[in-house]
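Q: First the structure, then my questions, so here it is.
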Amino acid sequence: MIEDLSLLLMYLTAFTEKAGDQTVLRTWKNYSFEAVDSLVDKALISTRHGNKSAYISEEGVRRAKDIAVRLGIEI
37 MIEDLSLLLM YLTAFTEKAG DQTVLRTWKN YSFEAVDSLV DKALISTRHG
87 NKSAYISEEG VRRAKDIAVR LGIEI
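First residue of the sequence shown: 37, per the working numbering; consecutive thereafter.
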């Protein structure tokens, strides 16, 4: 549950950023190390060790939206 809530909060507080010719969704990762590591392992976010931010994958966005619906949160 902590992992789901962390992903949802990351999504809700994310901002868009230009990366070359693409627009990416970036978020701060000030959440439990275990939750962040698990989200990386599942390819829902990507980051490098030592970075304070992460990128949310398309699958991560889909999962975050599903979590919001399940919890009755309108986004």
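Even glycine gets a Cβ: it sits at the ideal position worked out from N, Cα and C.
What is the DSSP secondary structure of residue 38, counted as helix, strand or coil?
A: Stepping through the sequence shown from its first residue, residue 38 is reached at position 2. Correct three-state label for residue 38: helix.
Q: What is the DSSP secondary structure of residue 88, reduced to helix, strand or coil?
A: On the sequence shown, position 52 is the one that residue 88 refers to. Coil at residue 88, not helix or strand.
Q: With a threshold of 7 angstroms on Cβ separation, who are the neighbours of residue 95 within its own chain once the five nearest residues in sequence on each side are excluded?
A: Sequence index remark: in the sequence shown, residue 95 carries index 59 (1-based). These residues qualify, in order along the chain: 79 and 80.
Q: Leaving aside the five residues before and after residue 56 along the sequence, list all residues of the same chain whose C-beta is less than 7 angstroms from its C-beta, in chain order.
A: Residue 56 sits at position 20 when you count from the first residue of the sequence shown. Excluding sequence neighbours, residue 56 sits near nothing in its chain.
Q: Just to confirm, is the Cβ distance from residue 71 to residue 39 under 9 angstroms?
A: Locating residue 71 in the sequence shown gives position 35, counting from the first residue. Locating residue 39 in the sequence shown gives position 3, counting from the first residue. Yes.
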